[in-house]
Amino acid sequence: MFSKQANSDYDHNMYTIYQKYQEALELANSLDFDDLLLLPYLLFKKQPEVLQKWQKQFSYILVDEAQDTNWIQFELMKMLSGESANITLIGDDFQSIYGWR
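Numbering (my numbering), first residue to last: 26 to 126.
Laid out in C-alpha coordinates, this is it:
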(Lines of atoms letter the chains of each structure in order from A and count residues from 1; the text may use other names and numbers.)
(Lines give C-alpha, C1' and ligand atoms only; values in the text may rest on other atoms or scores of the structure.)
Protein backbone atom coordinates (compact mmCIF):
# COMPACT_ATOMS: atom_id res chain seq x y z
CA MET A 1 0.00 0.00 0.00
CA PHE A 2 2.71 2.49 0.96
CA SER A 3 4.67 1.70 -2.21
CA LYS A 4 1.79 3.05 -4.30
CA GLN A 5 1.84 6.30 -2.32
CA ALA A 6 5.63 6.74 -2.44
CA ASN A 7 6.27 9.78 -4.61
CA SER A 8 9.90 10.62 -3.94
CA ASP A 9 13.19 8.73 -3.95
CA TYR A 10 13.23 9.13 -0.19
CA ASP A 11 9.79 7.47 0.10
CA HIS A 12 10.87 4.60 -2.15
CA ASN A 13 14.08 4.12 -0.15
CA MET A 14 12.18 4.12 3.13
CA TYR A 15 9.71 1.60 1.72
CA THR A 16 12.58 -0.66 0.60
CA ILE A 17 14.27 -0.46 3.99
CA TYR A 18 10.98 -1.15 5.78
CA GLN A 19 10.28 -4.18 3.57
CA LYS A 20 13.76 -5.59 4.27
CA TYR A 21 13.27 -5.00 7.98
CA GLN A 22 9.94 -6.85 7.91
CA GLU A 23 11.53 -9.73 5.98
CA ALA A 24 14.36 -9.93 8.54
CA LEU A 25 11.82 -10.06 11.37
CA GLU A 26 9.94 -12.85 9.65
CA LEU A 27 13.11 -14.85 8.94
CA ALA A 28 14.09 -14.54 12.59
CA ASN A 29 10.57 -15.52 13.67
CA SER A 30 10.53 -12.27 15.63
CA LEU A 31 8.25 -9.36 16.43
CA ASP A 32 9.08 -5.76 17.19
CA PHE A 33 7.44 -3.59 19.83
CA ASP A 34 4.80 -2.28 17.42
CA ASP A 35 3.84 -5.85 16.50
CA LEU A 36 3.45 -6.74 20.16
CA LEU A 37 0.82 -4.02 20.41
CA LEU A 38 -0.82 -4.15 16.99
CA LEU A 39 -1.22 -7.90 16.58
CA PRO A 40 -3.22 -8.49 19.79
CA TYR A 41 -5.33 -5.42 19.00
CA LEU A 42 -6.15 -6.79 15.54
CA LEU A 43 -6.76 -10.27 16.96
CA PHE A 44 -9.18 -8.94 19.59
CA LYS A 45 -11.04 -6.93 16.93
CA LYS A 46 -11.27 -9.87 14.55
CA GLN A 47 -12.01 -12.60 17.10
CA PRO A 48 -14.09 -11.29 20.01
CA GLU A 49 -14.13 -14.74 21.63
CA VAL A 50 -10.36 -14.47 22.15
CA LEU A 51 -10.83 -11.04 23.72
CA GLN A 52 -13.53 -12.42 26.03
CA LYS A 53 -11.17 -15.17 27.18
CA TRP A 54 -8.55 -12.58 28.13
CA GLN A 55 -11.10 -10.24 29.73
CA LYS A 56 -11.91 -13.03 32.19
CA GLN A 57 -8.25 -13.12 33.26
CA PHE A 58 -8.20 -9.55 34.59
CA SER A 59 -10.53 -8.09 37.21
CA TYR A 60 -8.52 -4.89 37.47
CA ILE A 61 -5.91 -3.17 35.34
CA LEU A 62 -3.35 -0.86 36.93
CA VAL A 63 -1.11 1.26 34.70
CA ASP A 64 1.87 3.14 36.09
CA GLU A 65 3.61 5.84 34.03
CA ALA A 66 0.32 6.38 32.19
CA GLN A 67 1.60 9.67 30.78
CA ASP A 68 3.70 7.60 28.37
CA THR A 69 0.79 5.49 27.12
CA ASN A 70 0.10 5.69 23.41
CA TRP A 71 -3.21 5.28 21.59
CA ILE A 72 -3.01 1.56 20.93
CA GLN A 73 -1.89 0.78 24.48
CA PHE A 74 -4.89 2.69 25.80
CA GLU A 75 -7.20 0.87 23.38
CA LEU A 76 -5.85 -2.49 24.56
CA MET A 77 -6.46 -1.45 28.18
CA LYS A 78 -10.06 -0.55 27.39
CA MET A 79 -10.59 -3.76 25.46
CA LEU A 80 -9.14 -5.95 28.21
CA SER A 81 -11.08 -4.22 30.98
CA GLY A 82 -14.35 -4.97 29.20
CA GLU A 83 -17.63 -3.79 30.67
CA SER A 84 -16.20 -3.43 34.17
CA ALA A 85 -13.78 -0.72 32.97
CA ASN A 86 -11.77 -1.27 36.16
CA ILE A 87 -8.71 0.69 35.03
CA THR A 88 -6.54 2.78 37.33
CA LEU A 89 -3.99 5.08 35.70
CA ILE A 90 -1.08 6.66 37.57
CA GLY A 91 0.91 9.33 35.78
CA ASP A 92 2.65 12.68 35.90
CA ASP A 93 2.52 15.15 33.00
CA PHE A 94 5.88 16.58 34.07
CA GLN A 95 7.54 13.20 33.47
CA SER A 96 6.16 12.55 30.01
CA ILE A 97 8.66 11.16 27.50
CA TYR A 98 6.64 12.94 24.83
CA GLY A 99 7.10 16.39 26.35
CA TRP A 100 9.78 17.31 23.84
CA ARG A 101 7.39 16.99 20.90
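We put the CB at the ideal spot given by N, CA and C, even for glycine.
Under 8 angstroms between C-beta atoms of residue i and residue j
i      : j      : result
Leu101 : Leu64  : no
Val88  : Leu114 : yes
Gln92  : Gly116 : yes
Limits of the unbroken alpha helix (DSSP H) element including residue i
i     : result
Leu76 : 73-80
Phe99 : 96-106
Best match in the options for proximity to residue i [C-alpha to C-alpha]
i      : options                     : result
Gln120 : Glu90, Ser55, Phe83, Glu51  : Glu90
Gln82  : Lys45, Asp34, Asn95, Leu105 : Leu105
Range covered by the beta strand (DSSP E) that runs through residue i
i      : result
Ile112 : 112-114
Beta-ladder partner(s) of residue i, from DSSP
i     : result
Leu87 : Thr113
Three-state secondary structure (DSSP) of residue i
i     : result
Ala53 : coil
Asn38 : helix
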